Structures are given as structure tokens and as C-alpha cells.
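Here's the structure, in C-alpha cells; my notes come after.
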Amino acid sequence: MNTSRPSDLPRDAPLGLDTPVDDGRWDSHPNRTRVVAQTRIVALPRYPATGLADHLGQVDVLLVDSLDDLTRLWTTELDDQAHLDVLGSRDLPMLIQQLLQSGGKRIRPAMCYLGWLAASGAERGVGRAEVVTVGAALELLHVFALIHDDVMDESASRRGQPSVHAQASRMHVESKAKGSARRFGESIAMLVGDLAHAEADQLAAGLPAEMRRIWRILVVELVCGQRRDLTGSVAGRRDLGHARQVARMKSGSYTVERPLQLGAAAAQAPAPVLTSLGVYGREVGEAFALRDDLLGVWGDPTLTGKPAGDDLLSGKPTVILALAQQRARGATRMLLDRVGTSELTSGDVAVLQHELKECGVVDAVESTISTHLARALSALDAGLLRPEGIAGLTQMAHQIAWRNR
194 MNTSRPSDLP RDAPLGLDTP VDDGRWDSHP NRTRVVAQTR IVALPRYPAT
244 GLADHLGQVD VLLVDSLDDL TRLWTTELDD QAHLDVLGSR DLPMLIQQLL
294 QSGGKRIRPA MCYLGWLAAS GAERGVGRAE VVTVGAALEL LHVFALIHDD
344 VMDESASRRG QPSVHAQASR MHVESKAKGS ARRFGESIAM LVGDLAHAEA
394 DQLAAGLPAE MRRIWRILVV ELVCGQRRDL TGSVAGRRDL GHARQVARMK
444 SGSYTVERPL QLGAAAAQAP APVLTSLGVY GREVGEAFAL RDDLLGVWGD
494 PTLTGKPAGD DLLSGKPTVI LALAQQRARG ATRMLLDRVG TSELTSGDVA
544 VLQHELKECG VVDAVESTIS THLARALSAL DAGLLRPEGI AGLTQMAHQI
594 AWRNR
């Protein structure tokens, strides 16, 4: 089985992740009064028959409806002087909207749709509305996760823009408000994340029982993964087993495996189909998490929206650090002791980026990604899954494994 990067997809290509759903701005859309402006999606240009772009457009329309309803409810709870306070016109629903507009890849609703497609949902005409609804819920849950993660990691930027807590802190300073600007910014960000989570659960509440069961598992795994990340960081853990477990729970399962299961559940798929998709999802999820780790150290800031070497600066317990701990020697090992501390300089980061490549960390991770990709594609059983679903999942696996943002 060929698991190499497709010949028509150069290593530095944007992997089809930069295709907007609509060229219009937020205030213009042929079907709705508003639409998420220039939302970026994971398009599958080689398989246009999958209908993925249309599906993601429907997810975005539902997100618009959901935020419209939320904004109406929100404004009824505030008096007409609210615009005069520290936040001004940039209230919580607008901050959710801003993050949805900022160029997300829409991988989770895409995976949900492809799971539904592969499980014959389209062929049998079942679960169409549910797969759109859960796709929108996944995007709102992702907003919650990103905002809270940025607070916990003290990240000043997200997708090339100031993170929510950084924006709120700046507004506190600009308004000459009392108290700690940092504390205010973090508190507002937690509220924005909580509100996004509540809206995601509002959408998920109307799903069938099996989808709600998977949804609950997904949320618990996400929070548990974040908990392991935090406790591992303060304990200074850099063992490979811990790093892989955190990556699986925080990234892989939440991004690929569970969304696939949600889509298959919407299609009322039988057990063998769920098993096939489950193996694929776990393997692609591992590849996704490992690519995240590589981008966290060597990613291009203009594409990732994060500073160069961000994971080294924060001391995030990734597979990269675990392998570095095993392989590094001498002066490089001494530099690793500074990772995650204020003693690590930008010059140290550049040295570590070079030395970790030299000691084979990048090659080892790239090789492991290729192995996961091969296993994932082997799990796509043509006797169980629809061919258009297999085509979409194959392309998506390559896009995830070799993405650059």
C-alpha cells in the first residue's frame, strides 16, 4: 500500500485547508442573513463527489443560527448600558464568533461527515440532519477547548491573532480599569469558553442516545487529557508513554476517532463498520497528534499562528521532548533542562531546533507518522465501507499526516 505523500501534493502545499466556504463577508449570504466570514475548511478537491464542502457550508449556517439565538438571549440578560463597560461592544458571543471566523480547519465536522458517508448514511438516507448538528456542536466545543487551553498555557496568540484572554486583558488596560488586567483577561476567557461549551451541549442535547453517549465520552476524554497535560507539566514528566497518552486523549481521539464514531452512529452503522472506522480513527488520530508536536517545535509561525518553537518555550510534555530526553547528550541535554522555564532564550530555541533534528528526533517522528498512515489505510475495508467514503478518508489521512498548519 502506498502511504507516501501524493505526487501532486508538494510538501509545503496548504493541503486544501485554505478553501473558503463562501467569499462573502459575515453580513452577506444567499441563504442566510449572515455566514461565518471566510471560514476555512478541509476541502477534498480530488474527490468532489463526497459533498464535503457542501456539508461544511451547512455546518457553518447552523453555527450562524446558533450564535444568532445565543446573541439574542445574551442581550436580553444585559441592560442597555453594557456597551459602556470594559468590554465595550466586544461581548462574549462576539468573541466566540471571532474565533469561529479565524481560519479553523474544520477537521472534526469533516471527520464526522466522512464517517457518516463511509457508513452508508447518504446511501440509506439516514442521519443527515444529525451529522450537521453534531458538526456544529464539535466546532463550538473546539472553541471552548482552544480558549481554555490558551489560558492554561499562557499563550498570547491563536491562529495569528491575540488569544481571547490577551484581548480582554488589553481592553482592561485601555479602559484604565481597576485590578489585575491579566486576571480579568483570564476570567473573561474562561467565561467565553464556558459559553461556547454550553452552546455545544445545547446542540448535542437533541441528538439520538448513541450519539449523546459518544459525545459524553469525547468531552470527558478531552478534559482528562488536559488534566494529564497539566499534571505532567508541573511534575516535569517527559517519558514517552505519558506524552503519547496526552496526545491521544487531547488531540487524536477528540479530533479523529470520536468524530468518526459520531458520524457512523448517525448512519446507524453496524458493529463491523464501527470497528473498521475505529482502527482508522485511532491511527490517523496518532498521526494528527504527532504532526501537531512537530509543528509545535518547527512549524512556520505564518502558517501555524504560533511563535516558532512555542512548545519548547512552554515546556509542553510532547513526544518531541520525550524523544529528545532519550537521545540528547552533552550541551543539548543541558539546554533541555531549561525548556519550559524563563531561562530558555530564543537563541536556545534555535539551537534546540537544530540539535534535535541532528539527533534524529524529526526522522523518528516522521517515520512513525508514516507507519500510522499505513495502518489507517489498511483498516479501510472495501467490503464494509462505501467507496466514496474510503476515497474521502484516504485523502483526509494524507492531508492530516502531511499538513503544515
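Note that this note's numbering has the sequence shown beginning at 194, numbered continuously upward. Glycine is no exception: its CB is placed at the ideal position from the N, C-alpha and C atoms. None of the values given here were measured: they were computed from a predicted structure.
- Message: Within the continuous alpha helix (DSSP H) that includes residue 550, where are the two ends?
- Response: DSSP places residue 550 inside the alpha helix (DSSP H), whose first and last residues are 539 to 551.
- Query: Is the region 582 to 596 close to the region 465 to 481, with three or more CB pairs under 8 Å?
  - Reply: Taking one beta carbon from each stretch, the region 582 to 596 and the region 465 to 481 have 3 or more pairs nearer than 8 Å; the two touch.
- Taking the Cβ atom as the reference point for each residue, do residue 574 and residue 469 lie within a distance shorter than 8 Å? Yes, they are a contact pair.
- Task: Using three-state DSSP, classify residue 313 as helix, strand or coil.
- Result: Residue 313: coil per DSSP, three-state reduction.
- Task: In the DSSP assignment, find the unbroken alpha helix (DSSP H) run with residue 580 in it and report its ends.
- Result: Its alpha helix (DSSP H) spans residues 580 to 594.
- Item | Alpha carbon of residue 223 to alpha carbon of residue 413, nearest angstrom | Confidence in residue 223 is poor, its pLDDT being 32 and thus under 50, which makes the residue's placement unreliable; the coordinate value appears in the next sentence. A straight-line Cα-Cα distance of about 38 Å links residue 223 and residue 413.
- Message: Please classify residue 538 as buried or exposed, where buried requires at least 16 neighbouring CB atoms within 10 angstroms.
- Response: Looking at its Cβ environment, which holds fewer than 16 other Cβ atoms inside 10 Å, residue 538 is exposed.
- Message: So, under 8 Å CB-CB, residue 420 and residue 438 are touching, yes? Tell me the CB distance rounded to an integer number of Å.
- Response: Residue 420 to residue 438, Cβ: 11 Å. No contact.
- residue 228 (DSSP reduced to helix, strand or coil): Its pLDDT being 30, under 50, residue 228 is placed unreliably in this model, and the value from its coordinates should be taken loosely. Looking at residue 228 - three-state DSSP - the assignment turns out to be coil, as it is neither helix nor strand.
- Query: Nearest-angstrom Cα distance between residue 465 and residue 577?
  - Reply: Whole-angstrom Cα-Cα distance: 7 Å.
- Task: Tell me, to the nearest whole angstrom, how far the beta carbon of residue 251 is from that of residue 325; I am working on the premise that it is less than 8 Å.
- Result: For residue 251 against residue 325, the beta-carbon gap comes to about 5 Å, under 8 Å, which counts as contact.
- Enumerate in chain order the residues of its own chain whose CB-to-CB distance from residue 241 is below 8 Å, with the five nearest sequence positions on each side excluded. Because the pLDDT of residue 241 is 34, which lies under 50, any placement of that residue in the model is unreliable, and the question is left without a value.
- List the endpoints of the continuous alpha helix (DSSP H) containing residue 473. The continuous alpha helix (DSSP H) containing residue 473 extends over residues 464 to 491.
- Message: If you follow the alpha helix (DSSP H) that residue 376 is in, where does it begin and where does it stop?
- Response: First-last of the alpha helix (DSSP H) with residue 376: 374 to 397.
- Residues near residue 342 in its chain [Cβ-Cβ closer than 8 Å; skip 5 each side]: Around residue 342: 348 and 419.
- Figure out for me which residue from 472, 533 and 525 has the closest Cα to the Cα of residue 502. Comparing Cα-Cα distances from residue 502 to each of 472, 533 and 525, the minimum goes to 533.
- Message: Quick check: residue 389 and residue 336, are their CB atoms within less than 8 Å of each other?
- Response: Cβ distance < 8 Å, so residue 389 and residue 336 count as in contact.
- What did DSSP end up calling residue 356 once you bin it into helix, strand or coil? It is coil, neither helix nor strand.
- Query: For the 8 Å Cβ check, are there 3 or more pairs between the region 488 to 505 and the region 348 to 364?
  - Reply: The region 488 to 505 makes contact with the region 348 to 364: 3 or more CB pairs, one atom from each, lie closer than 8 Å.
- What are the residues that DSSP puts in a beta bridge with residue 176? Only positions 194 to 598 of the chain appear in this structure, which leaves residue 176 out of reach.
- Hey, is the region 302 to 317 in contact with the region 582 to 592, meaning 3+ C-beta pairs nearer than 8 Å? Touching, yes, given that three or more Cβ pairs across the two stretches are closer than 8 Å.
- Could you give the residue range of the alpha helix (DSSP H) that holds residue 442? Segment: none, residue 442 is in no alpha helix (DSSP H) and carries neither H nor E.
- Message: For the alpha helix (DSSP H) containing residue 534, name the first residue and the last one.
- Response: Counting along the chain, residue 534 falls outside any alpha helix (DSSP H), and DSSP gives it neither H nor E.
- Query: In whole angstroms, what separates the C-alpha of residue 524 from that of residue 566?
  - Reply: Here the C-alpha atom of residue 524 lies approximately 35 Å from the C-alpha atom of residue 566.
- Where the alpha helix (DSSP H) containing residue 405 begins and where it ends: For residue 405, the enclosing alpha helix (DSSP H) has its first and last residue at 402 to 428.
- Query: Would you call residue 373 buried or exposed, if buried means 16 or more other Cβ atoms sit within 10 Å of its Cβ?
  - Reply: Exposed is the call here.
- For residue 383, the nearest candidate out of 403, 392, 393 and 340 (CA to CA): When the alpha-carbon of residue 383 is set against those of 403, 392, 393 and 340, the nearest one is in 340.
- Sort 462, 544, 431 and 289 by Cα distance to residue 257 and report the nearest one. Per the Cα distances, 289.
- Query: In terms of residue numbering, what span does the alpha helix (DSSP H) encompassing residue 290 cover?
  - Reply: Element bounds for residue 290: 285 to 293.
- Item | Separation of residue 423 from residue 401, as counted between CA atoms | Rounded to the nearest angstrom, the gap between the Cα atoms of residue 401 and residue 423 is 33 Å.
- Query: What number of angstroms, rounded off, separates the C-alpha of residue 457 from the C-alpha of residue 263?
  - Reply: Approximately 29 Å, taken between the alpha carbons.
- Rounded to a whole number of angstroms, what is the C-alpha to C-alpha distance between residue 162 and residue 462? Missing from the structure shown is residue 162; the chain here goes from 194 to 598 and no further.
- Task: With a 10 Å radius around its C-beta and 16 neighbouring C-beta atoms as the bar for buried, classify residue 371 as buried or exposed.
- Result: Residue 371 should be labelled exposed.
- Message: Measuring straight from C-alpha to C-alpha, what distance separates residue 552 and residue 477?
- Response: Answer to the nearest angstrom: the Cα atoms are 26 Å apart.
- Query: Hey, how far is the Cα of residue 430 from the Cα of residue 509?
  - Reply: Just so you know, the alpha carbons of residue 430 and residue 509 end up roughly 10 Å apart.
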